[in-house]
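Only one structure is covered here, and it is reproduced in the block below.
Residue numbers (my numbering): 4 to 632.
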């Protein structure tokens, strides 16, 4: 029977198959049997199951799971979506971390969906008007969807003309089916040709998504016109029925069946859900870049969507192959919703903002910014705007926190960022963003690893200047802020590194935007990582601002003079020991014992070497007060 299931799904050729591995998913009390078939060319994962109400399988490992419906608006799908929503809002069963939603204030504008006999229209909310609403998370794609503009505003408040783009139509249908009266869609609820409205509504994005009853995530739609409820966007591969006969209690032959299908790829399509430890706020660094990106939904690679998933307490996903649910307690999917697990799958993102303030700001530095900056933005200048809602929500946890241009300035170690890609980035073009902010460049960003040994120079002082508080203080600055700095500075020169030297220093592939820097006199040498291709073209002169103390080595900012003002500088890179930024690659054949011994020896030698290097740089530095813009 197992062999018949495999042959019905996988094309096998004689002499090609290497082995077949069969294993149960640990922790499942009910659910499908998983079989992995690996050949020299491919890996296929199958599920064997029986649907609810079907004759029990004589094999205890083959358990109950749902068929996936080919249409996302089917009665079965809607019933399941309503069940998920009600279980979450009523805090039933596994929803131990969820809470019953209060009826929120409506956003500035929402779409009144009514019923199928009514026209949809743009609704301008009254002061203190309250109601539940859904929000749509979608990908605009290369085409521009229908938009509210200043000259269409009055017309849309009477009636939004048909036909809507298919993705919007599908969102309206789901909102009606869930019994929710209003829907929020960015292109219709924000006046697109009003900068004032855009800035104000972007600042309120945190409350729009965090107060929505549910966010409808159109993962299967590549743009506003594709839709997500039916083919070709929703592509459900039908399960195959496998007949079998077994002797019954009275020895008579009993004929029945099981079903076999390809295992879903929801984790790769949507990403950022896994088994979560209690009180953990950790994302998986590099998860986005290192997973099977060919399987990822286009929506989950978009920068604007990242904050939408974090801020929304409940998200109903419509992926290419099935429907799924994500809230602060669980992640569930259409195919396996009947499974009773001793350990539930949880969303890494959803519980982030309910953690202590210190943990959230640490997650901002260690995980949120590195992940967000690896996502795509159509308008590179939206670098700060697309994360404004999340910054606003975090700022609400601590009113004394100072947020400037993407950095929480409670600790200056947030200045120690660097471009983590192989190539130098380009300028983002974001308005009024200072050179010392990661938002000034377009590319994936990481931060120098901070631990108990990372201490800033005692006499290093930073003072913010030109920072204006405004309703949009968590967005793009109204004016370009600057830092008044008092610290130790060394004039330096740059030189292109020998590739072999760089390979030895990183223990991995060459970082092509890394150069050596040296004092104007002497044989000291360290590495600097350029921020952008613009920085790389600069001829200097360069200056090294020493920021950390001995045990982490000579770490700080690479600066270049700005214009003719001798006391005004711009950041062009990070000076750092690159062996601490790139993981080492151990030699093949190393045992764990040898690796541990070598690691201890290298750590001891590295500490001595870094402290010696730091003392040498400090000796030739001079104290200076200046401004970084």
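Ideal placement from N, C-alpha and C gives every residue a C-beta, glycine not left out.
Since the structure is predicted, the reported quantities are computational estimates derived from the model, not experimental observations.
Query - N- and C-terminal bounds of the beta strand (DSSP E) containing residue 627 - result: It spans 625 to 631 - the beta strand (DSSP E) in which residue 627 sits, taken as one unbroken run.
Query raised in the report: Going by C-alpha distance, which of 103, 576, 476, 376 is nearest residue 517?
Result: With distances taken between Cα atoms, residue 517 lies closest to 576.
Query raised in the report: According to DSSP, what are the bridge partners of residue 547?
Result: Bridge partners of residue 547: 493, 561.
Requested in this report: My understanding is that residue 491 touches residue 624, with C-beta atoms under 8 Å, so please give their C-beta distance in whole angstroms.
Outcome: Yes, they are in contact, since the Cβ atoms of residue 491 and residue 624 sit about 4 Å apart, within 8 Å.
Report task. Give the DSSP-derived three-state secondary structure of residue 120 in the structure shown. Result -> Three-state result, residue 120: coil.
**Report entry** Counterpart residues of residue 533 in DSSP-defined beta bridges
**Finding:** DSSP, once it has assigned bridges, lists 576 as partnering residue 533.
Query raised in the report: Distance, Cα to Cα, residue 630 vs residue 615?
Result: Just so you know, the alpha carbons of residue 630 and residue 615 end up roughly 29 Å apart.
Requested in this report: Mind the definition here: the region 161 to 171 touches the region 206 to 215 only if three or more C-beta pairs lie below 8 Å; say whether that holds.
Outcome: Not touching, per the Cβ criterion.
Report task. Could you tell me which uninterrupted alpha helix (DSSP H) segments, each at least 4 residues in length, are contained entirely in the region 170 to 215, listed from first to last along the chain? Result -> For the region 170 to 215, whole alpha helix (DSSP H) runs of length 4 or above, ordered along the chain, are 189 to 192, 198 to 206, 208 to 213.
Query raised in the report: Where do the ends of the beta strand (DSSP E) carrying residue 417 lie?
Result: If you look at residue 417, you'll find it isn't in any beta strand (DSSP E); DSSP assigns it neither H nor E.
Report task. Using DSSP bridges, identify the partner residues of residue 217. Result -> Partner(s): 137.
Query - residue 667 vs residue 477 beta-carbon contact at 8 Å - result: Residue 667 cannot be examined here, being either before or after the span of the chain that is shown, 4 to 632.
Query - Contacting residues, own chain, Cβ-Cβ under 8 Å from residue 626 (five flanking each side not counted) - result: Closer than 8 Å at the Cβ level, and outside the excluded window around residue 626, lie 462, 489, 490, 491, 492.
Query raised in the report: Can you give the beta carbon distance from residue 424 to residue 387, rounded, assuming they're within the 8 Å contact cut?
Result: Rounded to whole angstroms, the Cβ separation of residue 424 and residue 387 is 20 Å, and the two are not in contact under 8 Å.
Requested in this report: Just the C-alpha distance for residue 522 and residue 563, rounded to the nearest angstrom, thanks.
Outcome: Straight-line Cα distance between these residues: approximately 14 Å.
Requested in this report: List the DSSP bridge partners of residue 571.
Outcome: Per DSSP, 630.
Requested in this report: Evaluate residue 670 with the Cβ neighbour count: other Cβ atoms within 10 Å of its Cβ, from every protein chain shown; 16 or more gives buried, anything less gives exposed.
Outcome: The question about residue 670 has no answer, for the chain in this structure spans 4 to 632.
**Report entry** Within 8 Å, strictly: CB atoms of residue 549 and residue 621
**Finding:** At a Cβ-Cβ threshold of 8 Å, residue 549 and residue 621 count as neighbours.
**Report entry** Alpha carbon of residue 334 to alpha carbon of residue 60, nearest angstrom
**Finding:** Rounded to the nearest angstrom, the two C-alpha atoms are 27 Å apart.
Query - The beta strand (DSSP E) enclosing residue 466, as first and last residue numbers - result: Unbroken beta strand (DSSP E) run through residue 466: 464 to 468.
Query - Assigned exposure category for residue 486 - 16 Cβ within 10 Å defines buried - result: A residue is called buried when at least 16 other Cβ atoms come within 10 angstroms of its Cβ; residue 486 meets this threshold and is buried.
Report task. Name, in chain order, the residues that DSSP records as bridge partners for residue 235. Result -> Per DSSP, none; premise fails for residue 235.
Query raised in the report: Which class does residue 511 belong to by DSSP, given the choice of helix, strand or coil?
Result: Caution is warranted here: a pLDDT of 41 is assigned to residue 511, below 50, making its placement in the model unreliable, and no coordinate value can be reported.
Report task. Please report the Cβ distance between residue 106 and residue 135, rounded to the nearest whole angstrom; I am assuming they are in contact, meaning their Cβ atoms lie under 8 Å. Result -> With a Cβ gap of about 6 Å, residue 106 and residue 135 count as contacting.
**Report entry** Minimum C-alpha distance to residue 313 - residue among 215, 261, 247, 413
**Finding:** Ranking 215, 261, 247, 413 by Cα distance to residue 313 puts 215 first.
Query - 8 Å CB neighbourhood of residue 146 in its chain, flanking five on each side removed - result: Closer than 8 Å at Cβ, skipping near neighbours: 226, 227, 228.
Query raised in the report: Under the rule that 16 or more other beta-carbon atoms within 10 Å means buried, what is residue 318, buried or exposed?
Result: Buried, because 16 or more other Cβ atoms sit within 10 Å of the Cβ of residue 318.
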